[in-house]
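So the sequence shown is numbered by full-length UniProt numbering: it starts at 1 and just counts up by one.
One structure below.
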Amino acid sequence: MNEEKDMADARAALVDYRASIDNIDAALIHMLAERFRCTKAVGKLKASHGLPPADPAREQQQIARLRQLAKDAHLDPDFAEKFLNFVVREVIRHHEHIAASNGVTKTG
Numbered sequence: 001m002n003e004e005k006d007m008a009d010a011r012a013a014l015v016d017y018r019a020s021i022d023n024i025d026a027a028l029i030h031m032l033a034e035r036f037r038c039t040k041a042v043g044k045l046k047a048s049h050g051l052p053p054a055d056p057a058r059e060q061q062q063i064a065r066l067r068q069l070a071k072d073a074h075l076d077p078d079f080a081e082k083f084l085n086f087v088v089r090e091v092i093r094h095h096e097h098i099a100a101s102n103g104v105t106k107t108g
């Protein structure tokens, strides 16, 4: 009987954890959508002024900043950097597409 109660409690806790995870996932998606809305505006601004799609100095600053944020949050900084690099590659791809649509080449 005690084992059944323990199992029921574990299942209930699992449901609660999963509900929290689902809420966090939804928040992440909405935050990423907002981030890409902003980076799209940056891409249009860069393209309209003939600026290059990528900014390596800014990317390095962001990596250092996010690595520190990850450390402070007890998250693996290597994971945070990989995640940021993935997002930045997608942003640059969008910027290159916007630039190409405005007749700007990858080099500026």
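The beta-carbon is built from N, C-alpha and C at its ideal position, and this holds for glycine as well.
(message) Which of the three DSSP states is assigned to A13 in this structure?
(response) The count along the sequence shown starts at 1 and reaches residue 13 at position 13. Helix.
(message) Could you check whether A47 and I98 sit closer than 8 Å to each other, using their CB atoms as the reference points?
(response) On the sequence shown, position 98 is the one that residue 98 refers to. On the sequence shown, position 47 is the one that residue 47 refers to. Contact flag set, yes.
(message) Does G8 pass the burial test, meaning 16 or more other C-beta atoms within 10 Å, or should it be called exposed?
(response) Reading the sequence shown from its first residue, position 8 is the one you call residue 8. First, the amino acid is wrong: residue 8 is Ala here, not Gly. Classification for A8: exposed.
(request) Determine the burial state of V15: buried for a count of at least 16 other Cβ atoms within 10 Å of its Cβ, exposed for fewer. (result) Along the sequence shown, one-based indexing puts residue 15 at 15. By the neighbour-count rule (16 or more Cβ atoms within 10 Å), V15 is not buried but exposed.
(message) Suppose contacts are defined by Cβ-Cβ distances below 8 Å. Is E81 in contact with R67 by that definition?
(response) Sequence index remark: in the sequence shown, residue 81 carries index 81 (1-based). Sequence index remark: in the sequence shown, residue 67 carries index 67 (1-based). Contact: yes.
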